[in-house]
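Report on one structure; see the data block that follows.
Chains as they are written, first to last, in UniProt numbering: chain A, 1 to 156; chain B, 1 to 144.
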């Protein structure tokens, strides 16, 4: 699979998630077993008006979405994998007016579970937050075929 | 009003309106809170833009996490004598059930308060408190 195919699949998937679309999440890079998404800066997700730093919740959503979509970059067919748990460490506040990127990779995939790691950062900056996640593999049949085809780009 | 004025007002009056208005992210996801005596119940009314999985449909897991994070910070601030929102250090979240497209509730519990760090547990539910959709714990750095 070329990177372009993966980028398109992930883009179609995150585009059907209202919250991801509303935050303006976009695919920055996709490769086999790894994925980078971008969260643009916006006033609506500020957590502290005095510093204009965005809220940790928006970073959690960015990292949950990136970690939960990285399987698309490792599986031949789309499978929705619900989050079992996330552990987020907030290292430093994000700089205002700058986008935040999250890069996730699969550490291990078993028949039932996907283990992920993710780092959030800004251009030219240090790591803002890290996230370790586990996701459940519920099988591709759990997602209606029409959705799978739409995400894979194989609609008739 | 400065942030510390708003926090003082919120602690003294138990009226969260100004505090919530001062946190854009809380307004963005639609967080509400009500005080019952010393207890605070946080509410997240249903909202289309908070959804993730469109098939169930379900609330985006990240929004559930963000809701619990804001709730924990407000809860902790209300239990302190200082008028600053505490800084989150880490957050550990277990998703137990899908958060369906309906109103969600959360309550917090101060597990341990040290001099510099506090540990808060958060539980979120929809249908029944006995069937949480997510539980979390967070560490916060307290202002010296």
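A virtual CB, placed ideally from N, CA and C, is assigned to each residue, including glycine.
Name, please, each residue of chain B whose Cβ falls closer than 9 Å to the Cβ of residue i.
{"i": "residue 40 of chain A", "result": "Under the 9 Å cutoff, chain B gives no residues; its nearest Cβ is about 14 Å from residue 40 of chain A."}
{"i": "residue 80 of chain A", "result": "53 and 55"}
Given residue i, which residues of its chain have a CB within under 7 Å of its CB, disregarding the five upstream and five downstream residues?
{"i": "residue 84 of chain A", "result": "134, 135 and 136"}
{"i": "residue 62 of chain A", "result": "25, 37, 39, 100, 102 and 120"}
Can you pull the chain A neighbours of residue i, defined as C-beta to C-beta under 8 Å?
{"i": "residue 90 of chain B", "result": "87, 88, 89 and 90"}
{"i": "residue 51 of chain B", "result": "17, 18 and 19"}
{"i": "residue 155 of chain B", "result": "One cannot answer for residue 155 of chain B here, as it falls past the ends of chain B, which runs 1 to 144."}
{"i": "residue 111 of chain B", "result": "Those within 8 Å of residue 111 of chain B in chain A number zero; the least Cβ separation is about 17 Å."}
With 7 Å as the threshold, decide whether the Cβ of residue i is near any Cβ in chain A.
{"i": "residue 22 of chain B", "result": "yes"}
{"i": "residue 63 of chain B", "result": "yes"}
{"i": "residue 141 of chain B", "result": "no"}
{"i": "residue 168 of chain B", "result": "There is simply no residue 168 of chain B to check, as chain B begins at 1 and stops at 144 in what is shown."}
{"i": "residue 69 of chain B", "result": "yes"}
{"i": "residue 60 of chain B", "result": "yes"}
{"i": "residue 82 of chain B", "result": "no"}
{"i": "residue 104 of chain B", "result": "no"}
{"i": "residue 10 of chain B", "result": "no"}
{"i": "residue 3 of chain B", "result": "yes"}
When the cut-off is 7 Å and only beta carbons count, does residue i lie next to chain B?
{"i": "residue 57 of chain A", "result": "yes"}
{"i": "residue 50 of chain A", "result": "yes"}
{"i": "residue 97 of chain A", "result": "no"}
Strictly below 8 Å CB to CB, what residues from chain B border residue i?
{"i": "residue 45 of chain A", "result": "24, 25 and 28"}
{"i": "residue 143 of chain A", "result": "55"}
Looking only at its chain, what residues have a beta carbon closer than 6 Å to the beta carbon of residue i, apart from the 5 residues adjacent to it on each side?
{"i": "residue 42 of chain B", "result": "33, 71 and 106"}
{"i": "residue 6 of chain B", "result": "18, 19 and 22"}
Which residues of chain C have a Cβ atom closer than 8 Å to the Cβ of residue i, listed in chain order?
{"i": "residue 84 of chain A", "result": "Absent from the structure is chain C; the protein chains it does hold are A and B."}
Return the CA-CA distance between residue i and residue j, expressed in angstroms with no decimal places.
{"i": "residue 91 of chain B", "j": "residue 148 of chain A", "result": "32 Å"}
{"i": "residue 110 of chain B", "j": "residue 106 of chain A", "result": "34 Å"}
{"i": "residue 80 of chain B", "j": "residue 94 of chain A", "result": "26 Å"}
{"i": "residue 4 of chain B", "j": "residue 120 of chain B", "result": "22 Å"}
{"i": "residue 35 of chain B", "j": "residue 54 of chain A", "result": "26 Å"}
If the cut is a Cβ gap below 7 Å, which residues of chain B does residue i touch?
{"i": "residue 147 of chain A", "result": "55"}
{"i": "residue 64 of chain A", "result": "61, 62 and 65"}
{"i": "residue 22 of chain A", "result": "49"}
When you compare the CB positions of residue i and residue j, do they come within less than 7 Å of one another, or not?
{"i": "residue 45 of chain A", "j": "residue 58 of chain A", "result": "yes"}
{"i": "residue 9 of chain A", "j": "residue 72 of chain A", "result": "yes"}
{"i": "residue 99 of chain B", "j": "residue 58 of chain B", "result": "yes"}
{"i": "residue 129 of chain A", "j": "residue 116 of chain A", "result": "no"}
{"i": "residue 132 of chain B", "j": "residue 96 of chain B", "result": "yes"}
{"i": "residue 87 of chain A", "j": "residue 132 of chain A", "result": "yes"}
{"i": "residue 23 of chain A", "j": "residue 66 of chain A", "result": "no"}
Looking only at its own chain, which residues have a Cβ that is under 8 Å from the Cβ of residue i, when we skip the five neighbours before and after it?
{"i": "residue 50 of chain B", "result": "29, 30, 44, 59, 60 and 63"}
{"i": "residue 25 of chain B", "result": "66 and 70"}
Name the chain A residues whose beta carbon is nearer than 9 Å to that of residue i?
{"i": "residue 85 of chain B", "result": "47 and 48"}
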